[in-house]
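**Student:** Take a look at the following structure, please.
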Amino acid sequence: MRVLVTGGAGFIGSHIVEALEGRGHEPVVYDTMLPSGQGGATRLTDERRRFVADVRDRDTVAKALRGVDAVCHQAAMVGLGKDFADAPRYVGCNDLGTAVLLAGMAEAGVRDLVLAGSMVVYGEGRYDCPRHGRTRPGPRAVADLEAGRFEPRCPSCGAGLTPGLVTEDAPADPRNVYAVTKLTQEHLASAWARATGGRALSLRYHNVYGPGMPRDTPYAGVASFFRSALARGEAPRVFEDGDQRRDFVHVRDVAAANAVALEAVRDRPSEDFAAYNTGSGEPRTVGQMAEALAAAHGGPSPVVTGEFRLGDVRHVTADSRRLREELGWRPEVGFAEGMAEFATAPLRSGRAPQAAALAGS
Ligand SMILES: NC(=O)c1ccc[n+]([C@@H]2O[C@H](COP(=O)([O-])OP(=O)(O)OC[C@H]3O[C@@H](n4cnc5c(N)ncnc54)[C@H](O)[C@@H]3O)[C@@H](O)[C@H]2O)c1
Ligand SMILES: [Zn+2]
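In this note's numbering, the protein residues as written are 67 to 427.
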């Protein structure tokens, strides 16, 4: 199968390229090839399988789609960004970019799409109140965070809540611009599928980590911050009280999930859109992650700072059973093993993708 991998030079995309080659497929990389990611690009020496362009460039998208069986859409501007002034760049890159790509696919008759989704579409995870059952707390108040009250409370009675696993049918609640763009990508993919008879699967990744992760920039994930601090000989600084729960999923498992989804999508009914949580199924706290990394790196030990970032959610952990049951995917890299590898794995130098684009590279 010939697969166009947008963002194929990025952190996750370059692992997808490798996974597809390993399964006998023919990946074609489409990426701006910004300094933040070079992995997938340098591996593909054949010029016909490498397009250095923006996904908003219609003509190059049309060229790249020739002879392609399916598209794996990873290209996006990631992370929280610095402030709201980044909004037009996120929306342009992620949503206009997706629209141009989908229009090109409609034109070229390419009907199969796998999209890089994200758990950020859910906002705060799932919680249960002892009195009110399933509940959805709103954003946490600054006053609470400043006072070190990090746990969200029941909006009806103020009781403490028990976090649970988020399933795909949970309502969307995107709480920052990036999250909005990831949700919009799904809506666009779904509209495209209905309009063209296409089939689209969105893999809602949890916190992806592993070799080749970008170094700490405002756009990177928490595992990268900790890993970068350790590389500088500094203690990882753990925000809040360290008990925030996440699901850390290894990048090779995410790449395998993409390969499995690409192989499955063509057998779906036309006009189909479905989302799959993509997590390890082993929730951990951010504090545990910092401890595991620091231990494997040989120190220094993490410090819990009580700082917080507005817009961060307290707990969000995926229920990834659907992906296992329906597509037969199994994560293979356990938490301890993955963190031990990541503690010494190379990172890539991170310049914010769009900043680099504006700099003209
Ligand atoms: N890393 C995570 O934990 C995580 C979690 C959830 C979802 N995701 C999603 O996974 C996908 C890949 O993320 P990543 O972590 O590998 O990030 P990354 O920045 O390493 O990779 C993104 C790649 O896309 C390219 N790109 C960006 N905008 C482009 C454009 N307009 N045209 C062409 N190429 C462009 C960049 O050059 C880069 O190589 C993204 O869609 C992201 O939203 C990532
Ligand atoms: Zn209650």
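In this text, a Cβ means the ideal position worked out from N, Cα and C, and glycines have one as well.
#1: Assess contact between the segment 367-380 and the segment 297-310, defined as three or more Cβ pairs (one per stretch) separated by less than 8 Å. Is contact present?
#2: When the Cα atoms are used, what is the spatial distance from Ala85 to Arg260?
#3: For Lys148, does the count of other Cβ atoms within 10 angstroms reach 16, so buried, or fall short, so exposed?
#4: Let me make sure I understand the geometry here. Which of Cys138, Ser415 and Cys159 has the alpha-carbon closest to that of Arg122?
#5: DSSP state of Ala236, grouped into three classes?
#6: Would you mind listing the alpha helix (DSSP H) stretches within the segment 332-364 that are 4+ residues and don't spill past its ends, in chain order?
#7: Can you find a heavy atom of ligand 1 that lies under 7 Å from the Cβ of Ala153?
#8: Would you call the CB atoms of Val352 and Arg380 closer than 8 Å?
#9: So the candidates are Phe374, Pro93 and Ser222; which of them puts its Cα closest to the Cα of Ala130?
#10: I believe Ala141 touches Gly183 by the beta-carbon criterion, under 8 Å. Please report the beta-carbon distance rounded to the nearest angstrom.
#11: Bridge partners for Gly230 per DSSP, in chain order?
#12: Please state if the CB of Asn343 and the CB of Ser386 are separated by a distance shorter than 8 Å.
#13: Is it the case that the CB of Thr201 approaches a heavy atom of ligand 2 more closely than 7 Å?
#14: Taking Leu413 as the reference, give the member of Ala297, Leu70 and Ala323 with the closest Cα.
#15: Using the beta-carbon count (16 or more within 10 Å), is Thr228 buried or exposed?
#16: Would you say the beta carbon of Phe77 comes nearer than 7 Å to a heavy atom of ligand 1?
#17: Pull up the distance between the alpha-carbon of Asn273 and that of Gly299, whole angstroms please.
#18: Check whether the Cβ atoms of Tyr271 and Val320 lie closer than 8 Å to each other.
#19: Between the C-alpha atoms of Leu254 and Thr164, what's the straight-line distance to the nearest angstrom?
#20: Starting from the Cα of Val243, find the closest Cα among Thr98, Leu146, Phe117 and Pro196 and give me that residue.
#21: Within 10 angstroms of the Cβ of Phe77, are there 16 or more other Cβ atoms? Answer buried if so, exposed if not.
#22: Would you kindly work out how many angstroms separate the C-alpha atoms of Ala356 and Arg215, rounded to a whole number?
#23: I'd like to know whether the C-beta atoms of Val382 and Met185 end up nearer to each other than 8 Å.
#24: Sorted by chain position, which residues of the same chain lie with C-beta nearer than 7 Å to Thr126's C-beta, five sequence neighbours on each side aside?
#25: From Phe339 to His81, what does the alpha carbon distance come to, in whole angstroms?
#26: For Val232 and Glu113, I'd like the C-alpha separation in whole angstroms.
#27: Any chance the CB of Cys195 is under 7 Å from a heavy atom of ligand 1?
#28: Among Asp333, Val69, Ser256 and Gly404, whose alpha-carbon lies nearest the alpha-carbon of Glu494?
#29: Terminal residues of the continuous alpha helix (DSSP H) containing Thr164?
#30: Cα separation between Ala172 and His139?
#31: Whole angstroms are fine: how far does the CA of Ala213 sit from the CA of Gly347?
#32: Please work out which residues of its chain come closer than 6 Å, Cβ to Cβ, to Phe291, disregarding the five sequence neighbours upstream and downstream, and give them in chain order.
#33: Is Met67 near ligand 1, in the sense that its beta carbon is under 7 Å from a heavy atom of that ligand?
#34: Identify which residue in Arg132, Ala406 and Leu376 has its Cα closest to the Cα of Leu211.
#35: Does the segment 173-182 come close enough to the segment 192-200 to have 3 or more Cβ pairs within less than 8 Å?
**Tutor:** The relevant details are as follows:
#1: yes
#2: Counting from 1 along the sequence shown, the entry for residue 85 is found at position 19. Counting from 1 along the sequence shown, the entry for residue 260 is found at position 194. Taking the straight line joining both Cα atoms gives about 29 Å.
#3: The residue labelled residue 148 in the question sits at position 82 within the sequence shown. When all chains shown are included, Lys148 counts as exposed.
#4: Working through the sequence shown from its first residue, we reach residue 122 at position 56. Residue Cys159 is the option with its Cα nearest to Arg122.
#5: Taking the sequence shown and counting its residues from 1, one reaches residue 236 at position 170. In this structure, Ala236 counts as coil in the three-state DSSP scheme.
#6: 352-363
#7: Working through the sequence shown from its first residue, we reach residue 153 at position 87. Flag unset: Cβ of Ala153 not near ligand 1.
#8: Locating residue 352 in the sequence shown gives position 286, where the first residue counts as 1. Locating residue 380 in the sequence shown gives position 314, where the first residue counts as 1. No; because the gap between Cβ atoms is not below 8 Å, this pair is not in contact.
#9: What you label residue 130 is simply residue 64 of the sequence shown in a count that begins at 1. Comparing Cα-Cα distances from Ala130 to each of Phe374, Pro93 and Ser222, the minimum goes to Pro93.
#10: Taking the sequence shown and counting its residues from 1, the one referred to as residue 141 is at position 75. Taking the sequence shown and counting its residues from 1, the one referred to as residue 183 is at position 117. Not quite, the Cβ-Cβ distance comes to about 14 Å (not below 8 Å), so this is no contact.
#11: Within the sequence shown, residue 230 is the residue found at index 164, counting from 1. Answer is Arg192, bridged to Gly230.
#12: In the sequence shown, counting from the first residue as 1, residue 386 sits at position 320. In the sequence shown, counting from the first residue as 1, residue 343 sits at position 277. Yes.
#13: Numbered from 1 along the sequence shown, position 135 holds the residue referred to as residue 201. Yes.
#14: Position 347 of the sequence shown, counted from the first residue, corresponds to residue 413. The option with the nearest alpha carbon to Leu413 is Ala297.
#15: Residue numbering aside, residue 228 sits at position 162 when the sequence shown is read from its first letter. With fewer than 16 other Cβ atoms within 10 Å, it is exposed.
#16: The sequence position of residue 77 within the sequence shown is 11, counting from 1. Yes, Cβ of Phe77 sits closer than 7 Å to a heavy atom of ligand 1.
#17: Counting from one through the sequence shown, the residue named residue 273 turns up at place 207. Counting from one through the sequence shown, the residue named residue 299 turns up at place 233. Each residue's Cα considered, the two are about 24 Å apart.
#18: Numbered from 1 along the sequence shown, position 205 holds the residue referred to as residue 271. Numbered from 1 along the sequence shown, position 254 holds the residue referred to as residue 320. Yes, the Cβ-Cβ distance between Tyr271 and Val320 is below 8 Å.
#19: As a first step, residue 254 is located in the sequence shown; it is residue number 188 there, counting from the start. As a first step, residue 164 is located in the sequence shown; it is residue number 98 there, counting from the start. Looking at the two C-alpha atoms, the distance is approximately 7 Å.
#20: For the purposes of this step, residue 243 is taken as the residue at position 177 of the sequence shown. The option with the nearest alpha carbon to Val243 is Leu146.
#21: In the sequence shown, counting from the first residue as 1, residue 77 sits at position 11. Classification of Phe77: buried, given that the 10 Å Cβ count is 16 or more.
#22: Taking the sequence shown and counting its residues from 1, one reaches residue 356 at position 290. Taking the sequence shown and counting its residues from 1, one reaches residue 215 at position 149. Cα to Cα, Ala356 sits roughly 21 Å from Arg215.
#23: Position 316 of the sequence shown, counting from 1, holds the residue named residue 382. Position 119 of the sequence shown, counting from 1, holds the residue named residue 185. Contact flag set, yes.
#24: Here the question's residue 126 lines up with position 60 in the sequence shown. Only Phe117 and Ala119 meet the Cβ criterion.
#25: For this step, residue 339 is matched to residue 273 along the sequence shown. For this step, residue 81 is matched to residue 15 along the sequence shown. Answer to the nearest angstrom: the Cα atoms are 24 Å apart.
#26: Taking the first residue of the sequence shown as position 1, residue 232 is located at position 166. Taking the first residue of the sequence shown as position 1, residue 113 is located at position 47. Cα to Cα, the separation comes out at about 42 Å.
#27: Counting from 1 along the sequence shown, the entry for residue 195 is found at position 129. Not under cutoff, so the answer is no.
#28: Examination of residue 494 is not possible in this model, given that the chain is present from 67 through 427 alone.
#29: What you label residue 164 is simply residue 98 of the sequence shown in a count that begins at 1. First-last of the alpha helix (DSSP H) with Thr164: Gly163 to Ala174.
#30: For the purposes of this step, residue 172 is taken as the residue at position 106 of the sequence shown. For the purposes of this step, residue 139 is taken as the residue at position 73 of the sequence shown. Roughly 15 Å separates the two Cα atoms.
#31: As a first step, residue 347 is located in the sequence shown; it is residue number 281 there, counting from the start. As a first step, residue 213 is located in the sequence shown; it is residue number 147 there, counting from the start. So the two alpha carbons sit approximately 32 Å from each other.
#32: Reading the sequence shown from its first residue, position 225 is the one you call residue 291. Counting only Cβ-Cβ distances below 6 Å, and skipping sequence neighbours, we find Asp282.
#33: Along the sequence shown, read from residue 1 onward, the residue named residue 67 stands at position 1. Met67 Cβ: outside cutoff for every heavy atom of ligand 1.
#34: Within the sequence shown, numbered from 1, the residue matching residue 211 stands at position 145. Among Arg132, Ala406 and Leu376, the Cα nearest to that of Leu211 belongs to Leu376.
#35: no
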